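Notes to accompany the following structure.
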Amino acid sequence: MLTLVLYITSVSIYAVRWIVVLRKVGVKLRFRDSFAAYLASILVNNITPSARAGGELMRIAYAYIKTGTPMIKLLNTVAFERICESVPVISLAAIAIFEALVAGDKPIGIIVEFFLIVAGVAIGVKYWDKILAIAARKLGFGDNLDSSVSIKRLVKDRSLFIVTVVLSSIVWILDVLRLYTAALAVGWEAPPLRFALASVMYLVVGLLAVTPGGIGIVEGGLTAVFIALGASPSVALATVMIERLISYGFASLIGLLVIIAGGGPQAWTLLRSRWRQTGFTPR
Numbered sequence: 055m056l057t058l059v060l061y062i063t064s065v066s067i068y069a070v071r072w073i074v075v076l077r078k079v080g081v082k083l084r085f086r087d088s089f090a091a092y093l094a095s096i097l098v099n100n101i102t103p104s105a106r107a108g109g110e111l112m113r114i115a116y117a118y119i120k121t122g123t124p125m126i127k128l129l130n131t132v133a134f135e136r137i138c139e140s141v142p143v144i145s146l147a148a149i150a151i152f153e154a155l156v157a158g159d160k161p162i163g164i165i166v167e168f169f170l171i172v173a174g175v176a177i178g179v180k181y182w183d184k185i186l187a188i189a190a191r192k193l194g195f196g197d198n199l200d201s202s203v204s205i206k207r208l209v210k211d212r213s214l215f216i217v218t219v220v221l222s223s224i225v226w227i228l229d230v231l232r233l234y235t236a237a238l239a240v241g242w243e244a245p246p247l248r249f250a251l252a253s254v255m256y257l258v259v260g261l262l263a264v265t266p267g268g269i270g271i272v273e274g275g276l277t278a279v280f281i282a283l284g285a286s287p288s289v290a291l292a293t294v295m296i297e298r299l300i301s302y303g304f305a306s307l308i309g310l311l312v313i314i315a316g317g318g319p320q321a322w323t324l325l326r327s328r329w330r331q332t333g334f335t336p337r
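Take any residue in the sequence shown, count from 1 to its spot, add 54: that is its number in the numbering used here.
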């Protein structure tokens, strides 16, 4: 139950974070619409093998339906959020490495951890943004996509950058706690800092997964991480199942309800029509 509460809280903070960024560029989006947009994006992420870019495009389309804001402006705010998230990811990397050193892990293990976390930062900030930008161009979200200029302006806004980084950091802390509480639910007690690495690896595996929602790949990858952190195979698998039941099962169900009852149908229709123009239809 606590794991579920932490997940809902994380989504709520994500919704608030986007509202803050949107207001900075003159866009007013209600909390319930921002929250619903995130839930709808989670569903799209869970049914498409798009390195999470598909979900973000759904979020952009949802906000476009609600506000009429040019999609390129919405795209810039989403890309800015990803840049800000690199700060807590790097911080988690430092924490994970420090914890490994204190715990007396073998040097090779620390090297592997460092490599994987750096890969997560690189993919999460650069590789992901390229995917989103390419998809936006192909979907016709902006004929003259020059988002770097607007994004740089957002990054140079110190107060906005700090607030966004703080909110992103809170969400990452909650993600670590969510994995920790899922482990406790199956009787696995491990130092909370151990789950910092697992949280980053969760991101990396999700971005690299080629199956819809990372089905199979995410479960296998995260289970392997938990086993490496000291859990038995059965406990590791049980922990992953609890996490995926919430982040995949529960979130997909709520996201589907949003698409059915909220502004999701129009946003989904918009995405599908743009996708068809490119010769690609979301599954």
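Just so you know, even glycine gets a beta-carbon here, dropped at the ideal spot from N, CA and C.
These numbers were taken from a predicted model, which means no experiment stands behind them.
Spell out a yes or no on whether the stretch 201–217 and the stretch 113–121 are touching, meaning 3 or more CB-CB pairs, one atom from each, closer than 8 Å. no
Who are the Cβ neighbours of residue 134 in its own chain at under 8 Å, not counting the five residues just before and after it? Reading the sequence shown from its first residue, position 80 is the one you call residue 134. Correct list, in chain order: 75, 205, 208, 209, 218.
Along the alpha helix (DSSP H) that carries residue 227, what are the first and last residues, could you check? Start at 1 with the first residue of the sequence shown, and residue 227 comes out as number 173. Run containing residue 227: 212–239, per the alpha helix (DSSP H) assignment.
Once the 5 residues before and after residue 273 are set aside, which same chain residues still bring their CB inside 7 Å of it? Your numbering for residue 273 matches position 219 in the sequence shown. For residue 273, where only same-chain residues beyond five positions count, the Cβ hits under 7 Å are 294, 298.
Reducing DSSP to helix, strand and coil, say where residue 209 ends up. One-based indexing of the sequence shown puts residue 209 at position 155. Residue state, collapsed to three classes: helix.
Would residue 228 pass as a contact of residue 153 if the rule is Cβ separation under 7 Å? Looking up residue 228 in the sequence shown gives position 174. Looking up residue 153 in the sequence shown gives position 99. Cβ atoms of residue 228 and residue 153: not closer than 7 Å.
Selected residue, minimal CA-CA separation from residue 125, among 81, 66, 142, 156: As a position in the sequence shown, residue 125 is number 71, starting the count at 1. The shortest C-alpha separation from residue 125 is found at 81.
Nearest to residue 262 by CA position, among 60, 99, 241, 94, is which residue? Taking the sequence shown and counting its residues from 1, the one referred to as residue 262 is at position 208. Considering only alpha carbons, the answer is 99.
Could you say which of 138, 94, 78 lies nearest to residue 304 if we only look at CA atoms? In the sequence shown, counting from the first residue as 1, residue 304 sits at position 250. Among 138, 94, 78, the Cα nearest to that of residue 304 belongs to 94.
What is the DSSP secondary structure of residue 198, counted as helix, strand or coil? The residue labelled residue 198 in the question sits at position 144 within the sequence shown. Low per-residue confidence applies at residue 198: pLDDT is 48, beneath 50, and the placement is therefore not dependable enough to give any value.
Quick check: what's the CA-CA separation for residue 70 versus residue 275? Here the question's residue 70 lines up with position 16 in the sequence shown. Here the question's residue 275 lines up with position 221 in the sequence shown. About 30 Å.
With a cut-off of 8 Å on the beta carbons, I'd call residue 306 and residue 97 a contact; round off their distance for me. Within the sequence shown, numbered from 1, the residue matching residue 306 stands at position 252. Within the sequence shown, numbered from 1, the residue matching residue 97 stands at position 43. About 5 Å; that satisfies the 8 Å criterion.
Is residue 203 helix, strand or coil by DSSP? Here residue 203 corresponds to residue number 149 of the sequence shown, with the count starting at 1. Note that residue 203 scores 46 on pLDDT, short of 50, meaning its location in the model is unreliable and no value can be drawn from it.
In chain order, each alpha helix (DSSP H) run of at least 4 residues that lies wholly inside the stretch 234–295: 248–262, 271–282
If you follow the alpha helix (DSSP H) that residue 71 is part of, which residue opens it and which one closes it? For the purposes of this step, residue 71 is taken as the residue at position 17 of the sequence shown. Element bounds for residue 71: 56–78.
Apart from the five residues on each side of it in sequence, which residues of its chain come closer than 6 Å, Cβ to Cβ, to residue 237? Walking along the sequence shown from the start, residue 237 turns up at place 183. Excluding sequence neighbours, residue 237 sits near 293.
Consult DSSP for residue 83 and reduce its assignment to one of helix, strand or coil. As a working mapping, residue 83 is identified with position 29 in the sequence shown. In the structure shown, residue 83 sits in coil (DSSP, three-state: anything other than H, G, I, E or B).
Using CA atoms only, rank isn't needed, just tell me which of 128, 63, 235 is closest to residue 222. Your numbering for residue 222 matches position 168 in the sequence shown. Ranked by Cα distance from residue 222, the options 128, 63, 235 are led by 63.
Going by other Cβ atoms of all chains shown within 10 Å of its Cβ, with 16 needed for buried, is residue 110 buried or exposed? For the purposes of this step, residue 110 is taken as residue 56 along the sequence shown, with counting starting at 1. Classification of residue 110: buried, given that the 10 Å Cβ count is 16 or more.
Counting only the same chain and skipping the five closest in sequence on each side, list residues whose C-beta sits under 7 Å from that of residue 224. For the purposes of this step, residue 224 is taken as residue 170 along the sequence shown, with counting starting at 1. Only 67 meet the Cβ criterion.
Beta carbon of residue 150 nearer than 7 Å to that of residue 250: Numbered from its first residue, the sequence shown carries residue 150 at position 96. Numbered from its first residue, the sequence shown carries residue 250 at position 196. Going by C-beta atoms, residue 150 is nearer than 7 Å to residue 250.
To the nearest angstrom, how far is the alpha carbon of residue 264 from that of residue 311? Translated into positions along the sequence shown, residue 264 becomes position 210. Translated into positions along the sequence shown, residue 311 becomes position 257. Residue 264 and residue 311: Cα-Cα distance of roughly 25 Å.
Residue 124 (DSSP reduced to helix, strand or coil): To locate residue 124, count along the sequence shown from 1; it is residue 70. Here residue 124 sits in coil by DSSP.
Are residue 92 and residue 232 touching if we call contact CB-CB under 7 Å? Here residue 92 is taken as the residue at index 38 of the sequence shown, counted from 1. Here residue 232 is taken as the residue at index 178 of the sequence shown, counted from 1. Result no, Cβ atoms of residue 92 and residue 232 do not sit closer than 7 Å.
The alpha helix (DSSP H) enclosing residue 307, as first and last residue numbers: Taking the sequence shown and counting its residues from 1, the one referred to as residue 307 is at position 253. That run of the alpha helix (DSSP H) goes 305–315.
Residues in its own chain within less than 6 Å of residue 141 by CB, not counting five upstream and five downstream? Within the sequence shown, the letter at position 87 stands for residue 141. Once the five neighbours on either side are set aside, the close Cβ partners of residue 141 are 219.
Please return the same chain residues whose Cβ sits closer than 8 Å to the Cβ of residue 354, not counting the five positions on each side in sequence. The structure shown does not extend to residue 354, since the chain is modelled only from 55 to 337, so the question has no answer here.
What number of angstroms, rounded off, separates the C-alpha of residue 255 from the C-alpha of residue 72? Counting from one through the sequence shown, the residue named residue 255 turns up at place 201. Counting from one through the sequence shown, the residue named residue 72 turns up at place 18. Near 24 Å, if we compare the C-alpha coordinates of residue 72 and residue 255.
Less than 7 Å between C-beta atoms, sequence neighbours within five positions excluded: which residues of the same chain meet that for residue 268? The residue given as residue 268 occupies position 214 in the sequence shown. 259, 260.
Per-residue burial, residue 309 [other beta carbons within 10 Å of its own, 16 or more giving buried]: Mapped onto the sequence shown, residue 309 falls at position 255. By the neighbour-count rule (16 or more Cβ atoms within 10 Å), residue 309 is buried.
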